[in-house]
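A.B. asks: So in the numbering used here, spot 476 of the sequence shown is number 767, and the numbers just go up one at a time.
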Amino acid sequence: MGFQFDKARYFNRTLVFSVFIIAVSTFNYGFDNQAFATTQSMNTFTKQFGEYNSRTHAYNLNSRWLSLFNSLNYVGFAAGVIIGSFVSARFGRRWCMFTMSLYALVSATITVTSNTRQQIMAGRILNYVYVGMELSVVPNYQSEIVPAPVRGFIVGTYQLCIGLGGVIINAICYRTSHIEDNRGWRIPLGLFYIVPSIIAASIFFIPESPRWLLQRNRVEEAKASIQQLRQGAFTEEEIENEFKELEFALVNEVEKGKFVELFQGKNLKRTLIVVAINFFQQATGQAFSSQYGGVYVRSLGIFNPQLFTLMSSCIGCGIMLCTLFVTDKVGRRKLLIFSSVIIIGALMTMGGLGINEPVTTSRMKGIISMIVIFGVGFSCGWGPLTYVVATEVSSLRLRDHTSRVGFGVNVCFNFAVNFAVPYLVFADEADLGSRVGFIFGAVALLSLVFTFFCVPECKGKTLEQVDWLFNNNVRLRDFGKVDATRMLGDATYVVKI
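(1) Determine the direct distance from the alpha carbon of VAL566 to that of ALA328, and round the result to whole angstroms.
(2) From THR337 to TYR350, what does the alpha carbon distance come to, in whole angstroms?
(3) For LEU739, is the beta carbon positioned less than 7 Å from some heavy atom of the ligand COA?
(4) Please identify the residue among GLU748, PHE360 and ASN647 whose C-alpha is closest to the C-alpha of VAL679.
(5) Using alpha carbons as the reference points, say which of VAL446, VAL422, ALA462 and GLN506 lies closest to VAL486.
(6) Counting only the same chain and skipping the five closest in sequence on each side, list residues whose C-beta sits under 7 Å from that of LEU480.
(7) Quick one: which unbroken alpha helix (DSSP H) runs of 4-plus residues sit fully inside the region 578-628? Chain order, please.
(8) Tell me the rounded alpha-carbon separation between SER604 and ASP323.
(9) Between GLY592, GLU536 and PHE444, which has its C-alpha nearest VAL757's C-alpha?
(10) Leaving out five residues before and five after ASN473 in sequence, what residues of the same chain have Cβ atoms less than 7 Å from its Cβ?
(11) On the DSSP letters alone, give me the boundaries of the alpha helix (DSSP H) that ALA707 sits inside.
(12) Counting only the same chain and skipping the five closest in sequence on each side, list residues whose C-beta sits under 8 Å from that of HIS469.
(13) Taking a contact to mean a Cβ-Cβ separation below 8 Å, would you say GLY584 touches VAL708 in this structure?
(14) Among ASP619, HIS348, ILE634 and ASN406, which has the Cα closest to the Cα of PHE446?
(15) Can you look up TYR343 in the DSSP assignment and give me helix, strand or coil?
(16) Take LEU504 as the anchor and find which of ILE497, LYS514 and PHE616 has the nearest alpha-carbon.
(17) Since ALA524 and ASN701 should fall inside the 8 Å C-beta cutoff, what is the C-beta to C-beta distance between them, to a whole number of angstroms?
(18) Within the chosen definition, does the region 732-742 reach the region 589-608 through at least 3 CB pairs nearer than 8 Å?
(19) Can you name, in chain order, every residue of its own chain whose Cβ lies under 6 Å from the Cβ of GLY341, other than the five neighbours on each side?
(20) From ARG346 to PHE496, what distance separates their C-alpha atoms?
(21) Given ALA399, which residues of its chain have a CB within under 6 Å of its CB, disregarding the five upstream and five downstream residues?
(22) Where do the N-terminal and C-terminal ends of the alpha helix (DSSP H) with ASN569 fall, by residue?
(23) Rounding to the nearest angstrom, what Cα-Cα distance links VAL696 and ASN647 in this structure?
(24) Taking the alpha helix (DSSP H) that TYR266 belongs to, which residues open and close that run?
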């Protein structure tokens, strides 16, 4: 009860509309991610793009093509992150979102009209340029316009909206999977048109990021922007104090930092945290569950793969929503640690269930259950909170550079895991099956150690206060204990006992 009403008081109508529009853009990532994860387990999709096996008298998507289909799209993703961060830094957050939305309408057309492997592969790669641009701008934009007490909740909606998009597309795929022609997979892909059209039509009705405007030395516009985003929810004095804090942190650093500064002095620590947290989000094997879960469940032959992906998406969204309501109260560190523990347990158990051959039906059910539990663990920490932590610890004057590097690492390991999973898991290659859980479980154990020692607790602190804590060499594990509200007065800090 308390969480909902406590959060509502920080929002006025303009901020509600702004965070809604920004968050909605993320649905398309969920559409793409889950549309292909589900449609590639459909018989009609397999017949259109697969190969006929004269021995089994059935069409199949071989592991090599699946590997390329679910990994080459990250080439487009990487390009999108780079392009998006440059457009966002140079022309602003709104222009970046407008441009990427127009582009997405073109890539959607290529995808929906596909008749050959080459065309649908190209369509997916091109669509991921849009997804990469979205990743480069959305978490930053969200973190820059919301008050500190609700930043974790709002930035975490990035992953939540991916999940909600997945639920919607999986529900549609579940219904269309019974259609015995290509409409079965074309109809879900048609949803790719909806979100970009909404964003392109509405993005200029919300304010630009006041932090970006101040970095461009557009002081009066920045003041007007923060006034729009806070008026009615905060007093004039509170709005003025927040703007002064912004100026204190940024007015003397209007000139953008250079890329090389990411790896110098105090910035190196921040860069390494952003890189590591993006690495662990992907290297713990979320792609096995999200991208190949349906195909793997289909290979087991004991459960409807479309129903599995729909159920997994619904459970994941429910858990993520609960996580977002508590993240600004409980904190990022505790949730990430809890998330890692669940992931380790699920992956190691999944691996153990696949050790002895042949795998019995009861153990297959256990493996499917562990994939679902892995999704629960991912959704209560590493899924939504990676973007929260990555945007919080970035240096203010190096935000776009840091996003480019951090999210670039995210994309690279997303590509690597998606490329490797078919070769590791399926029978026509290494045939590890569920034993792949041992590999990802070992990485998850490292993520637990990293979180305990290296992730600072930034709940309730403004981005300027986080900047101040790093600049004053506060120990990472002490961030949550430090009162940074005195940053405008002096350079001392007080540790709360």
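Ideal Cβ positions, reconstructed from N, Cα and C, are used throughout, including at glycine.
C.D. replies: Per the coordinate set shown:
(1) If you take the alpha carbons of ALA328 and VAL566, they lie about 27 Å apart.
(2) Taking the straight line joining both Cα atoms gives about 6 Å.
(3) By its list of ligands, the structure shown contains no ligand whatsoever, and the ligand COA lies outside what it can speak to.
(4) That would be GLU748, whose Cα lies nearest to the Cα of VAL679.
(5) Of the listed residues, the one whose Cα sits closest to VAL486 is VAL422.
(6) Apart from sequence neighbours up to five positions away, the residues of its chain that approach LEU480 with a beta-carbon distance below 7 Å are ALA326, THR402 and VAL403, ordered along the chain.
(7) As far as the region 578-628 is concerned, its whole alpha helix (DSSP H) runs of at least 4 residues are 584-591 and 596-621.
(8) Looking at the backbone, the Cα of SER604 and that of ASP323 are separated by about 14 Å.
(9) Cα-wise, what sits closest to VAL757 is GLU536.
(10) The residues are THR335 and GLN339.
(11) First-last of the alpha helix (DSSP H) with ALA707: 690-716.
(12) So the qualifying residues of the chain are GLY475.
(13) In this structure, VAL708 does not lie closer than 8 Å to GLY584 by Cβ.
(14) Here the sequence assigns Val to residue 446, which means Phe is not the residue at that position. If you compare the alpha carbons of ASP619, HIS348, ILE634 and ASN406 with that of VAL446, the shortest gap goes to ASP619.
(15) TYR343: strand per DSSP, three-state reduction.
(16) Ranked by Cα distance from LEU504, the options ILE497, LYS514 and PHE616 are led by LYS514.
(17) Between ASN701 and ALA524 the Cβ distance is about 33 Å, and since that is not below 8 Å, they are no contact.
(18) Touching, no, given that fewer than three Cβ pairs across the two stretches are closer than 8 Å.
(19) Exclusion of the five residues before and after GLY341 leaves TYR350, ASN351 and LEU352 as the residues of its chain whose Cβ lies within less than 6 Å of its Cβ.
(20) The alpha-carbon atoms of ARG346 and PHE496 are separated by roughly 59 Å.
(21) Result list for ALA399: PHE483 and TYR484, in chain order.
(22) From DSSP, the alpha helix (DSSP H) with ASN569 extends over 556-574.
(23) C-alpha of VAL696 to C-alpha of ASN647: approximately 42 Å in a straight line.
(24) Lying before the first or after the last residue shown, residue 266 is absent from the chain, which here runs from 292 to 788.
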